[in-house]
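Colleague: If you scroll down you'll find the structure; I have some questions about it.
In my numbering, the protein residues as written are 20 to 297.
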């Protein structure tokens with residue numbers, strides 16, 4: 020019976036060592052497991068008493084806990100380290116269409132809040148063990164704040180004080196192909212933006228399955244989205260994006276925004292999306 024347990028431990032040790040190598044965890048950890056593995060092999064040759072088996076099992080459990088701890092530290096390099104991206108222009112660069120006051124508040128306060136919320140959610144999801152109900156809460160927080168962070172990061176790049184006003188290159192060709200003309204696309208996108216009630220976004224998305232452009236409204240930051248769609252052009256319709264300047268004139272804000280669209284950035288996003296498609 021003891022030999023059967025030892026062989027099971029040996030199999031587990033082999034699997035763990037393979038995982039350590041695949042995950043590129045520290046070399047010293049691999050050496051620790053190799054040493055423990057050699058002890059098991061020695062017992063398989065010489066036999067093992069019950070007290071020795073208990074000892075080797077306890078050592079295995081300690082090593083497993085150490086592995087989990089080290090793995091979490093390794094994961095920390097990839098999660099909960101989001102930072103607020105810098106704007107590619109001055110805060111007053113988009114005036115008179117979007118005021119400096121709005122840009123400062125929108126970027127430094129609202130976007131920063133989504134970054135902080137995303138980092139908190141990732142800490143809870145990837146570094147803590149929660150019961151299902153609490154885990155669902157943090158998953159919702161991740162979706163809300165993560166989508167807010169992503170959409171705002173695209174939004175800033177989608178604007179420029181040197182807008183060409185109309186698209187060109189591949190994005191112009193795609194718009195003409197899928198919407199008939201830029202004028203028709205602009206009318207449709209504007210109508211979608213004006214139709215949003217409450218917080219949300221209007222978005223031009225790339226469909227990597229059907230290889231076409233799609234216009235969508237996104238409630239809050241993450242609801243009512245078509246799965247797998249890649250954002251190319253987004254317009255923030257939350258009140259904090261325009262209220263200080265346009266008050267209840269959401270339509271005026273939408274019309275003004277067209278004057279700062281960065282079509283070069285939209286075109287680059289299309290090319291990237293097309294290159295990454297299945």
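Heads up, the beta-carbon is just placed ideally off N, CA and C, and yes, glycines get one too. From a predicted model like this one, the values you see are computed outputs, not experimental measurements.
#1: Which residues in the same chain as residue 263 place their Cβ atom closer than 8 angstroms to its Cβ, once the five residues preceding and following it in sequence are excluded?
#2: On a Cα-Cα basis, can you pick out the residue from 64, 215 and 51 that is closest to residue 270?
#3: Who are the near neighbours of residue 275 in its chain, counting only those whose CB is closer than 6 angstroms to its CB and skipping five residues on each side?
#4: What residue range is occupied by the uninterrupted beta strand (DSSP E) comprising residue 219?
#5: Can you tell me which of 185, 173 and 219 puts its alpha carbon nearest to the alpha carbon of residue 205?
#6: If you measure between the beta carbons of residue 134 and residue 101, is that distance less than 9 angstroms?
#7: So, helix, strand or coil for residue 242, using DSSP?
#8: Reducing DSSP to helix, strand and coil, say where residue 258 ends up.
#9: Less than 6 angstroms between C-beta atoms, sequence neighbours within five positions excluded: which residues of the same chain meet that for residue 280?
#10: Let me confirm a value: residue 178 is counted as buried when at least 16 other C-beta atoms fall within 10 Å, else exposed. Which label applies?
#11: Answer with buried or exposed for residue 146, where buried requires no fewer than 16 other C-beta atoms within 10 angstroms of its C-beta.
#12: Taking just the CA atoms, how far does residue 166 sit from residue 107?
#13: To the nearest angstrom, how far is it from the Cα of residue 154 to the Cα of residue 222?
#14: Please state the DSSP three-state secondary structure of residue 297.
#15: From residue 259 to residue 168, what does the alpha carbon distance come to, in whole angstroms?
#16: Should residue 173 and residue 288 be called a contact, given that it needs their Cβ atoms to be closer than 9 angstroms?
#17: Can you tell me which of the three DSSP states residue 253 falls into?
#18: If I'm right that residue 220 touches residue 253 with Cβ under 8 angstroms, what's the distance once you round it to whole angstroms?
#19: Go through its chain and collect everything with a Cβ distance to residue 131's Cβ below 8 angstroms, but skip five positions before and after it.
#20: So what's residue 235 in DSSP terms, helix, strand or just coil?
#21: Does residue 248 come out as helix, strand or coil in the three-state DSSP assignment?
#22: Between the alpha carbons of residue 213 and residue 148, how many angstroms are there, rounded?
#23: For residue 178, write down the residues that DSSP places opposite it in a beta bridge.
#24: Secondary structure at residue 183, three-state DSSP: helix, strand or coil?
#25: Kindly indicate which three-state DSSP category residue 147 falls into: helix, strand or coil?
Modeller: This is what the structure holds:
#1: For the purposes of this step, residue 263 is taken as residue 244 along the chain shown, with counting starting at 1. Correct list, in chain order: 118, 120, 121 and 124.
#2: For the purposes of this step, residue 270 is taken as the residue at position 251 of the chain shown. Measuring from the Cα of residue 270, the nearest candidate turns out to be 215.
#3: By one-based count along the chain shown, residue 275 stands at place 256. So the list reads 116, once near-sequence residues are dropped.
#4: Position 200 of the chain shown holds residue 219. Residues 219 to 226.
#5: Walking along the chain shown from the start, residue 205 turns up at place 186. Answer by Cα proximity: 185.
#6: Locating residue 134 in the chain shown gives position 115, where the first residue counts as 1. Locating residue 101 in the chain shown gives position 82, where the first residue counts as 1. In this structure, residue 101 lies closer than 9 angstroms to residue 134 by Cβ.
#7: Here the question's residue 242 lines up with position 223 in the chain shown. DSSP places residue 242 in strand when its eight states are reduced to three.
#8: Counting from 1 along the chain shown, the entry for residue 258 is found at position 239. Reduced to three states, the DSSP call for residue 258 is helix.
#9: Stepping through the chain shown from its first residue, residue 280 is reached at position 261. These residues qualify, in order along the chain: 182.
#10: The residue given as residue 178 occupies position 159 in the chain shown. So residue 178 counts as buried.
#11: By 1-based counting over the chain shown, the position of residue 146 is 127. Exposed.
#12: Numbered from its first residue, the chain shown carries residue 107 at position 88. Numbered from its first residue, the chain shown carries residue 166 at position 147. Looking at the two C-alpha atoms, the distance is approximately 20 angstroms.
#13: Here the question's residue 154 lines up with position 135 in the chain shown. Here the question's residue 222 lines up with position 203 in the chain shown. Taking the straight line joining both Cα atoms gives about 29 angstroms.
#14: Translated into the one-based positions of the chain shown, residue 297 becomes position 278. Low confidence applies here, because residue 297 scores a pLDDT of 49, under 50, leaving its location unreliable; read the following figure in that light. If DSSP states are grouped into helix, strand and coil, residue 297 belongs with coil.
#15: Working through the chain shown from its first residue, we reach residue 259 at position 240. Working through the chain shown from its first residue, we reach residue 168 at position 149. Cα-Cα distance, rounded: 15 angstroms.
#16: Position 154 of the chain shown holds residue 173. Position 269 of the chain shown holds residue 288. Yes, the pair counts as a contact, with Cβ atoms nearer than the cut-off.
#17: For the purposes of this step, residue 253 is taken as residue 234 along the chain shown, with counting starting at 1. Residue state, collapsed to three classes: strand.
#18: For this step, residue 220 is matched to residue 201 along the chain shown. For this step, residue 253 is matched to residue 234 along the chain shown. Contact flag correct, Cβ pair sits at about 5 angstroms.
#19: Here residue 131 refers to the residue found at position 112 when the chain shown is read from its first residue. If we look at residue 131 and ignore the five residues flanking it on each side, its Cβ neighbours are 103.
#20: In the chain shown, the residue the question calls residue 235 occupies position 216. Looking at residue 235 - three-state DSSP - the assignment turns out to be strand.
#21: Reading the chain shown from its first residue, position 229 is the one you call residue 248. Looking at residue 248 - three-state DSSP - the assignment turns out to be coil, as it is neither helix nor strand.
#22: Residue 213 sits at position 194 when you count from the first residue of the chain shown. Residue 148 sits at position 129 when you count from the first residue of the chain shown. Cα to Cα, the separation comes out at about 42 angstroms.
#23: Walking along the chain shown from the start, residue 178 turns up at place 159. Beta-bridge pairing links residue 178 to 280.
#24: In the chain shown, the residue the question calls residue 183 occupies position 164. Residue 183: coil per DSSP, three-state reduction.
#25: The sequence position of residue 147 within the chain shown is 128, counting from 1. Three-state result, residue 147: coil.
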